[in-house]
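*Asks:* Quick note: the sequence shown uses UniProt numbering, first residue 1, plus one each step. Dropping the structure in here first, questions after.
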Amino acid sequence: MAVPNPQNERNPQPRHSHSWTLAFGKACGVLLQAIVNGLALTRISPNVLTFIGLVINIGAAVLFGFANEQNYVRMFLYAGLVIIGAGIFDMVDGRVARQTKQITVFGAFFDSVIDRYSDVVLFFGLIVFYARGNRYFYVDLSAFVMVTSLMVSYTRARAEALIGKCKVGFMERPERIVLIILGALFDRWGAMAPVLWVLAVLSTITVIHRIRYTYDMTKHLAPLSPGEPMPTPSQISLARSSNLPSPNV
1 MAVPNPQNER NPQPRHSHSW TLAFGKACGV LLQAIVNGLA LTRISPNVLT
51 FIGLVINIGA AVLFGFANEQ NYVRMFLYAG LVIIGAGIFD MVDGRVARQT
101 KQITVFGAFF DSVIDRYSDV VLFFGLIVFY ARGNRYFYVD LSAFVMVTSL
151 MVSYTRARAE ALIGKCKVGF MERPERIVLI ILGALFDRWG AMAPVLWVLA
201 VLSTITVIHR IRYTYDMTKH LAPLSPGEPM PTPSQISLAR SSNLPSPNV
């Protein structure tokens with residue numbers, strides 16, 4: 001007679017080794033890799049892919065801007081789908097660069113700059129939409145979100161130029177894009193307005209978090225003398241670990 005194993009009763013094994021979500025994620029990964037492989041065979045420049053993503057986002061912004069009270073549900077739905085298409089290029093440009101050994105410092109810089117333009121054009125499209133509908137409060141809110149989105153990226157870039165790394169905060173560009181897509185796809189139920197509020201609040205919190213983090217990382221440094229160069233990230237890190245009073249370590 002078989003004796004039941006209490007351990008198995010307490011920790012029943014799943015019937016399926018992979019959930020459907022894991023299977024879906026794996027399928028998406030396979031599809032994405034197939035796209036990367038195909039683009040890699042063309043030897044296309046990753047910078048071209050980055051720029052194509054911007055052009056597609058401009059198309060989404062045009063859809064936002066030309067929406068009106070009669071067609072906004074359809075236009076926003078189309079815009080959300082177009083942004084998804086632009087996101088594919090945003091995901092593959094770096095992978096193509098690695099696979100074709102075209103990784104460059106300029107490529108990283110160019111990708112960051114184009115991402116900022118993509119953010120701006122999407123919010124500009126929303127600003128035009130709300131302005132044409134005389135919804136001036138949301139014109140101001142969209143403009144505020146556009147500025148705070150840029151500040152999220154700027155505070156990280158400026159901080160990392162000083163302290164080497166600043167990845168604190170949770171409202172990064174991927175999160176912003178996902179929220180905009182959700183707002184566009186489900187604006188039939190008025191989703192874009194709360195999305196803008198969420199972006200405004202969380203982006204502001206992220207900026208404040210990064211300012212505070214950079215302050216904490218640099219507050220131990222003595223004030224710079226006139227004409228004294230800024231310390232490098234490695235100097236700041238060394239001074240912080242050694243509790244040195246001066247940036248000239």
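For every residue, glycine included, the Cβ atom is placed at its ideal position computed from N, Cα and C.
Could you check the C-alpha separation between residue 178 and residue 226 for me, to the nearest Å?
*Replies:* When rounded, the distance between both Cα atoms is 45 Å.
*Asks:* Does the contact criterion of 3 or more C-beta pairs under 8 Å hold for the segment 181–199 versus the segment 74–85?
*Replies:* yes
*Asks:* Whole angstroms is fine: what's the gap from residue 106's alpha carbon to residue 169's?
*Replies:* Our two residues, residue 106 and residue 169, have alpha carbons roughly 26 Å apart in a direct line.
*Asks:* Since residue 204 and residue 148 should fall inside the 8 Å C-beta cutoff, what is the C-beta to C-beta distance between them, to a whole number of angstroms?
*Replies:* 5 Å
*Asks:* Any idea what DSSP makes of residue 230, helix, strand or coil?
*Replies:* coil
*Asks:* Below 8 Å, how does it come out for the segment 50–69 and the segment 83–94: are there three or more Cβ pairs, yes or no?
*Replies:* Segments in contact, yes.
*Asks:* To the nearest whole angstrom, what separates the beta carbons of residue 206 and residue 152, a pair I think is in contact under 8 Å?
*Replies:* 5 Å
*Asks:* Helix or strand or just coil, what does DSSP make of residue 20?
*Replies:* In this structure, DSSP gives residue 20 a helical state, which the three-state scheme calls helix.
*Asks:* In or out: residue 17 buried (at least 16 other Cβ within 10 Å) or exposed?
*Replies:* Note that residue 17 scores a pLDDT of 46, beneath 50, so its modelled location is shaky and nothing firm can be said.
*Asks:* Are the beta-carbon atoms belonging to residue 41 and residue 96 less than 8 Å from one another?
*Replies:* No; because the gap between Cβ atoms is not below 8 Å, this pair is not in contact.
*Asks:* Enumerate in chain order the residues of its own chain whose CB-to-CB distance from residue 202 is below 6 Å, with the five nearest sequence positions on each side excluded.
*Replies:* 171
*Asks:* How big is the Cα-Cα spacing for residue 245 and residue 231?
*Replies:* Only weak support exists for where residue 245 lies, its pLDDT of 47 falling under 50; the coordinates are left without a value.
*Asks:* Is the separation between the beta-carbon of residue 43 and that of residue 100 shorter than 8 Å?
*Replies:* yes
*Asks:* Put residue 103 into one of helix, strand or coil per three-state DSSP.
*Replies:* Here residue 103 sits in coil by DSSP.
*Asks:* When you compare the CB positions of residue 89 and residue 122, do they come within less than 8 Å of one another, or not?
*Replies:* no
*Asks:* By the three-class DSSP mapping on this structure, what secondary structure does residue 44 have?
*Replies:* coil
*Asks:* Under the assumption that residue 141 contacts residue 196 (Cβ atoms under 8 Å), give the Cβ distance between them as a whole number of angstroms.
*Replies:* 5 Å
*Asks:* Who are the Cβ neighbours of residue 187 in its own chain at under 6 Å, not counting the five residues just before and after it?
*Replies:* Within the same chain, 76 come within 6 Å of residue 187 by CB-CB distance, once the 5 residues on both sides are set aside.
*Asks:* I need the straight-line Cα distance from residue 53 to residue 233, nearest angstrom please.
*Replies:* The alpha-carbon atoms of residue 53 and residue 233 are separated by roughly 32 Å.
*Asks:* Could you check what DSSP says for residue 166 in three-state terms: helix, strand or coil?
*Replies:* coil
*Asks:* So the alpha helix (DSSP H) residue 210 belongs to, where does it begin and stop?
*Replies:* 192–218
*Asks:* Just verifying my parser: in three-state terms, what is the DSSP assignment at residue 64?
*Replies:* helix
*Asks:* With distances taken between CB atoms, is the gap from residue 150 to residue 176 smaller than 8 Å?
*Replies:* It is not a contact, given that the beta carbons lie outside the stated cut-off.
*Asks:* Report back the beta-carbon spacing between residue 137 and residue 64 to the nearest angstrom; my notes put them in contact at under 8 Å.
*Replies:* Wrong, their Cβ atoms sit about 17 Å apart, outside the cutoff.
*Asks:* So for residue 133, helix, strand or coil by DSSP?
*Replies:* coil
*Asks:* Can you tell me where the alpha helix (DSSP H) with residue 251 in it begins and where it stops?
*Replies:* Residue 251 cannot be examined here, being either before or after the span of the chain that is shown, 1 to 249.
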